[in-house]
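Protein chains in written order, with the working numbering: chain F, -3 to 202; chain L, -3 to 202. Structure first, commentary second.
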């Protein structure tokens, strides 16, 4: 990696943490720029024009070019490294779990964490409150599916850590902040422990 | 591709169409197995045990192995072909738009099409009806972002068609069935026309 890497982020976002964890596990230096999403700092005209027209973080800056979407940023960093399977089926299967994460896991597990632990009861809208039961059920279903998958293998794809694990780890390891009970998914708990024990592991608060 | 390819699908799903369109553009033969999602045919014990524990289609079967998640299935078919950029940044940028599609586009544009054109007013729940305004606004924002991006280039990534275009084409070209007005996004309309004119293009109903 010869170009300078800058992560535009909000540190407590699991989506941003994924990118930092990927860089740490690969030993890649990455600069960090913090934005307060609760104050709308990713919706300013400058941010929209220069960093991401979609007004979201994380965005990985590579020299003067930008990659939004957390899992795409992780893929950029990790392509052709030990974090991506060497076989064609394994690479597609890794992406399968990364798309599962963004479609079936993050909108439920991460959103409830954000509403409950960051926005808080007083600032939650009626529309948000009304969606809690459906998102709770969908988040529990995602965690149950992960638990079943991990009941017979140590990592999501193949026999070693890949970006699939990193993508799913980010919000699962803080799911209890959103009111999810991880004691119901013991295989997920064991996998969280394996991940946190990896060499060069970086905690979310580091 | 030496192994037999079978697509487990519901033909009118844009997510399933993506996989067929990718295969067609690459000249790959693919068998089709139809499931009626309105009758719960992807939630049977056999489907959950054998095809996809997540109870969703599409699933791409490759010999005796299975890849759920539409965009992962497209990636499996197209890796190292003309539909994937040759440079590292381009590949990550392609995935960026594919994750955007699953996170910011499909849950809004595809969901409203499903509720309005397939489920219908009589079968829509109160909870679904209450979500229409927010999903309408988010879908319009996704289409506006695409329109801005396409105002200065013919395809989403680089100078030719990639999986990013195929992923976004699938539900955009039928967005009017969900009540979206594509005359507001003329660059998107022109891009839809370019895509439908490609050699080996396959329509959703074919």
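Idealized CB from N, CA, C, for every residue including glycine. Source: prediction; values computed, not measured.
Between which residues of its own chain and residue i is the CB-CB distance below 7 Å, once the five residues before and five after are set aside?
| i | result |
| --- | --- |
| residue 161 of chain L | 151, 152 and 191 |
| residue 183 of chain F | 143, 146 and 147 |
| residue 194 of chain L | 21 and 157 |
| residue 196 of chain F | 20, 21 and 23 |
| residue 201 of chain F | none |
| residue 44 of chain L | 51 |
| residue 132 of chain L | 108 |
| residue 120 of chain L | 111 |
| residue 169 of chain F | 188 |
Terminal residues of the continuous beta strand (DSSP E) containing residue i?
| i | result |
| --- | --- |
| residue 1 of chain L | 1 to 5 |
Using a Cβ-Cβ cut-off of 6 Å (strictly less than) and excluding sequence neighbours within five positions of residue i, which residues of its own chain qualify?
| i | result |
| --- | --- |
| residue 124 of chain F | 111 |
| residue 37 of chain L | 31 |
| residue -1 of chain L | 58 and 59 |
| residue 18 of chain F | 70, 73, 74 and 162 |
| residue 39 of chain F | 51 |
Helix, strand or coil for residue i per DSSP?
| i | result |
| --- | --- |
| residue 96 of chain L | helix |
| residue 153 of chain L | coil |
| residue 205 of chain L | Nothing can be reported for residue 205 of chain L, as the shown portion of chain L is limited to -3 through 202. |
| residue 75 of chain F | coil |
| residue 26 of chain F | coil |
| residue 53 of chain F | coil |
| residue 129 of chain F | helix |
| residue 41 of chain L | helix |
| residue 195 of chain L | coil |
| residue 64 of chain F | strand |
| residue 184 of chain F | helix |
| residue 31 of chain L | coil |
| residue 148 of chain L | coil |
| residue 202 of chain F | coil |
| residue 8 of chain L | coil |
| residue 143 of chain L | helix |
| residue 176 of chain L | coil |
| residue 90 of chain F | helix |
| residue 47 of chain F | coil |
| residue 107 of chain L | helix |
| residue 18 of chain F | helix |
| residue 36 of chain L | coil |
| residue 116 of chain F | coil |
| residue 82 of chain F | coil |
Which same chain residues end up closer than 8 Å to residue i when comparing Cβ atoms and leaving out the 5 residues on each side of it in sequence?
| i | result |
| --- | --- |
| residue 77 of chain L | 22 |
| residue 149 of chain L | 155 |
| residue 159 of chain F | 18, 67, 70, 71, 74, 79, 80, 90 and 94 |
| residue 15 of chain L | 3, 5, 26, 54, 56, 66, 69, 70 and 73 |
| residue 12 of chain L | 3, 5, 6, 53, 54 and 66 |
| residue 122 of chain F | none |
| residue 185 of chain L | 178 and 179 |
| residue 29 of chain L | 2, 3, 4 and 5 |
| residue 181 of chain L | 139, 140, 142 and 143 |
One question on the structure: do residue i and residue j come within less than 8 Å of each other, judged by their Cβ atoms?
| i | j | result |
| --- | --- | --- |
| residue 163 of chain L | residue 67 of chain L | yes |
| residue 64 of chain F | residue 50 of chain F | yes |
| residue 108 of chain L | residue 174 of chain L | yes |
| residue 98 of chain L | residue 176 of chain F | no |
| residue 106 of chain L | residue 167 of chain L | yes |
| residue 80 of chain F | residue 62 of chain F | no |
| residue 134 of chain L | residue 100 of chain L | yes |
| residue 165 of chain F | residue 188 of chain F | yes |
| residue 104 of chain L | residue 140 of chain L | no |
Could you tell me the boundaries of the alpha helix (DSSP H) in which residue i lies?
| i | result |
| --- | --- |
| residue 101 of chain L | No alpha helix (DSSP H) holds residue 101 of chain L; DSSP gives it neither H nor E. |
| residue 159 of chain F | 159 to 168 |
Starting from the beta carbon of residue i, find every residue of chain A whose beta carbon is closer than 7 Å, and list them in chain order.
| i | result |
| --- | --- |
| residue 143 of chain L | Although the question refers to chain A, the structure presented lacks it and instead comprises the protein chains F and L. |
For the pair the segment 25 to 34 of chain F and the segment 79 to 97 of chain F, tell me if three or more CB-CB distances fall below 8 Å.
no
Using a Cβ distance threshold of 8 Å, determine whether the segment 36 to 55 of chain F contacts the segment 1 to 8 of chain F, with at least three qualifying pairs required.
yes
Contact between the segment 128 to 137 of chain F and the segment 100 to 120 of chain F (3+ Cβ pairs under 8 Å):
yes
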